[in-house]
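Chemist: Just so you know, we're using the working numbering here: the sequence shown kicks off at 578 and counts up by one.
We put the CB at the ideal spot given by N, CA and C, even for glycine.
Small disclaimer: the values here were computed from a predicted structure and weren't measured.
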Amino acid sequence: MTDRTDILRRAMASLELGGRPQSLINGVLVDGAGVPIDLVDPFTGRVLMSYPDADAPLADLACEVAQTAQTAWATELTGAQRGRIMCDVARAVMAHIDPLATIEAIVAGKPVRDCRVEIAKVAEMFTYYAGWADKLHGAVIPVPSGHLNYTLREPLGVVFQITPWNAPVFTAGWQIAPAIATGNGVVIKPSELTPVTTVALVRLAEQAGLPRGLVNVLCGLGPTAGQAAIAHRAVRKVVFVGSPETGRRVAMAAAAALKPVVLELGGKSANIVFEDANLEHACLGAQAAIFSGAGQSCVAGSRLLVHRSIHDAFVEMLSRGMNRIKLGDPLDETTEVGPISNARQFTHVTDMVNAAKADGAAVLSRETCPPQGYFVVPTILHGLSNDARAAQTEIFGPVVSVIAFSDEAEAVAMANATEFGLAGAVWTADVGRAHRMAAAVRAGTFWINSYKAIHVSSPFGGSLSSGYGRSSGTDALMEYTASKSVWLDSAPEPRIAFGYVS
Ligand code: NAD
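1) Whose CA, out of 909, 914, 840 and 855, lies closest to the CA of residue 887?
2) Mapping DSSP to helix, strand and coil, what is residue 1012?
3) With respect to the alpha helix (DSSP H) encompassing residue 814, which residues constitute its N-terminal and C-terminal limits?
4) Mapping the DSSP letters down to three states, classify residue 709 as helix, strand or coil.
5) Taking all protein chains shown into account, do 16 or more other C-beta atoms lie within 10 angstroms of the C-beta of residue 1079, making it buried, or fewer, making it exposed?
6) Express the C-alpha separation of residue 956 and residue 941 in angstroms, rounding to a whole number.
7) Please determine if the region 844-858 and the region 1046-1054 are in contact, where contact requires at least 3 C-beta pairs separated by less than 8 Å.
8) Please classify residue 810 as buried or exposed, where buried requires at least 16 other C-beta atoms within 10 Å of its C-beta.
9) Where DSSP assigns a beta bridge to residue 848, which residues make up the other side?
10) Helix, strand or coil: which one does DSSP assign to residue 959?
11) Would you give the residue range spanned by the beta strand (DSSP E) that residue 949 belongs to?
12) Buried or exposed: which applies to residue 754, given that a residue is buried once 16 or more other Cβ atoms fall within 10 Å of its Cβ?
13) Anyone know if the C-beta pair for residue 967 and residue 978 falls short of 8 Å?
14) Quick one: grab the DSSP three-state call for residue 751.
15) Are residue 838 and residue 831 closer than 8 Å when you measure CB to CB?
16) Measuring alpha carbon to alpha carbon, tell me which of 826, 949 and 731 ends up nearest residue 651.
17) Output needed for residue 624: all residues of its chain with C-beta closer than 6 Å, excluding positions within five of it in sequence on either side, in chain order.
18) Verify whether the separation of the beta carbon atoms of residue 882 and residue 1000 is less than 8 Å.
19) Below 8 Å, how does it come out for the region 590-598 and the region 659-667: are there three or more Cβ pairs, yes or no?
20) How many angstroms separate the CA atom of residue 862 from the CA atom of residue 921?
21) Is residue 741 near the ligand PLP - that is, is its Cβ less than 7 Å away from at least one heavy atom of it?
22) Comparing the CB of residue 827 with every heavy atom of the ligand NAD, is any distance shorter than 7 Å?
23) Can at least three beta-carbon pairs, one atom from the region 600-610 and one from the region 625-633, be found at a separation below 8 Å?
24) When every heavy atom of the ligand NAD is checked, does at least one fall within less than 7 Å of the C-beta of residue 1023?
25) Would you mind working out which of 1037, 792 and 769 sits nearest residue 780, comparing C-alpha positions?
26) Hey, is the region 927-936 in contact with the region 944-961, meaning 3+ C-beta pairs nearer than 8 Å?
27) Who are the Cβ neighbours of residue 951 in its own chain at under 6 Å, not counting the five residues just before and after it?
28) Can you tell me whether DSSP reads residue 1079 as helix, strand or coil?
29) Is there at least one non-hydrogen atom of the ligand NAD closer than 7 Å to the beta-carbon of residue 977?
30) Would you mind giving the Cβ-Cβ distance between residue 914 and residue 902, rounded to the nearest angstrom? I have them listed as a contact below 8 Å.
31) For residue 1059, which residues in the same chain have their Cβ closer than 7 Å to its Cβ, ignoring the five residues on either side in sequence?
32) Using three-state DSSP, classify residue 742 as helix, strand or coil.
33) Could you tell me whether the Cβ atoms of residue 1003 and residue 1011 are closer together than 8 Å?
34) Contact defined as beta carbons within less than 8 Å: I believe residue 973 pairs with residue 1043. What is the distance between those atoms, to the nearest angstrom?
35) Residue 807 lies in the beta strand (DSSP E); which residues open and close that run?
36) For residue 842, is the beta carbon positioned less than 7 Å from some heavy atom of the ligand NAD?
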């Protein structure tokens, strides 16, 4: 056992978790019976602890339990009562921010100060959606037949959520909060590489008053536990956050059972800098866009499109900034960027940098980097065309491709010439141009003189290989509910006739 395993175990114990990841079903921590899974510390590359895959039987049990709890949650409590419980959950999350951040920092390799910010946002997600819990209503529609026609917004039932490793507790809160605010039950399967904070979040929520079994967590693998839950008859919708490859598999499995899906997938977002921009701000924005979180963000500004007249100077500025970033132990309060989160991702990022070199990229790398674990040096690639592998493939690491453009039309054409449609940004002093770019770039989120600002009150999602459907804001309320149309005939004589509906 390493010292860091010890720190992890103590943080887990303080949240009343056992000494290894366990699924949380009906308020009880349970071990799976599947193959062993290792939790690896990305800072050292050493195994922290192991646990058995939840496997299909636990997935089936979680879905059954969620169905029973959902019926009571949706029918026996008022929206205001559900909202009050969710506010209590938010307070419980804030009261345990330190152990949650410690676990996330060790297991996911994220700087602890970033983890605290994300956990505070989880609390905000619960209070935001708590406010909606008693404000969901339909409409009265003036149909021409004289019937009273009104709509109800109803919960779907049980939703199955699958989340990735790059922002585990943030993504869990992001999907659980709107799902339960709208009266649904949840089964959530976090990444097998980073399951602990999701279990901790739901355990805290139950201690704060969330009914046991309303949200159940599966600690296990996608092809086993994940596929079993997708197929379970109680599951009415699947919400998937992860890679396009797995998203395709999830959508196909859900389609076989005619279940709707939300897919929040990857990106290759264009961060576009015009010559009239405040270049200091744009440079700071470009660094944050790609190097924060070691580039492991779906909206990372991984293609930096820079006007030809400032290209060389901007690359030089970016390179100076890159060398000032503090890399180090995710548990160190001063660390700005940690390691890549896992071995598979580390191999992918290093392979992509080697592919870029083979394709003739000029490479500028940060001068120093911790020599251990899964660290990748922040890297700038330039001299590549927009259709090179490194400019088209999601790298999901601290690696940016800088590409020159000559005018607005070329910038738009380059920005849209990928398979993705998740995010984008423009840096310019010309307000007209800013709005033209916002309209022309294919993206679910677009920033003007900014990058990476997101909030639970604003919708988020993508198109094409970035997925479909929307999370957060009022859009998520729609994703997690369905409308029912109710018709009442108040005429004194029955008006039943054939042919009303064809
Ligand atoms: P991944 O696709 O490998 O895994 C995501 C989840 O899917 C994990 O929980 C995994 O266990 C599960 N899974 C794997 N195989 C499965 C199967 N056959 N059936 C069911 N579930 C299965 O993704 P990752 O490597 O964990 O995360 C990185 C990816 O996530 C990147 O592409 C990133 O862009 C994307 N991402 C997108 C968003 C967004 O909101 N658009 C946010 C964060 C991350």
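Modeler: Here's the rundown:
1) Closest option to residue 887, judged by alpha-carbon separation, among 909, 914, 840 and 855: 855.
2) helix
3) Premise fails: residue 814 lies in the beta strand (DSSP E), 812-818, not in any alpha helix (DSSP H).
4) helix
5) For residue 1079, the pLDDT reaches just 44, beneath the cut-off of 50, and the residue's location in the model is therefore unreliable, although a value from the coordinates is still provided. Under this definition residue 1079 is an exposed residue.
6) 6 Å
7) no
8) Residue 810 is exposed by the Cβ-count criterion.
9) 881 and 1002
10) strand
11) Neither: residue 949 is in no beta strand (DSSP E) and is coded neither H nor E.
12) Residue 754 counts as buried, since no fewer than 16 other beta carbons sit within 10 angstroms of its beta carbon.
13) yes
14) helix
15) Yes, the Cβ-Cβ distance between residue 838 and residue 831 is below 8 Å.
16) 731
17) Shown here for residue 624: same chain residues with a beta carbon closer than 6 Å to its own, the five before and five after excluded, namely 615 and 617 in chain order.
18) no
19) no
20) 28 Å
21) This structure simply doesn't include the ligand PLP; it includes the ligand NAD instead.
22) yes
23) A contact exists between the region 600-610 and the region 625-633.
24) no
25) 792
26) yes
27) 619, 916, 917 and 923
28) Bear in mind that the predicted position of residue 1079 carries a pLDDT of just 44, short of 50, making it unreliable; the figure below should be weighed with that in mind. If DSSP states are grouped into helix, strand and coil, residue 1079 belongs with coil.
29) Relative to the ligand NAD, even the nearest heavy atom lies 7 Å or more away from the CB of residue 977.
30) Right, the Cβ-Cβ distance comes to about 5 Å (below 8 Å), so this counts as a contact.
31) 731 and 733
32) coil
33) yes
34) Not confirmed; about 13 Å, so no contact.
35) Per DSSP, residue 807 belongs to no beta strand (DSSP E); it is in the alpha helix (DSSP H), 804-808.
36) Yes, since a heavy atom of the ligand NAD falls inside the 7 Å radius drawn around the Cβ of residue 842.
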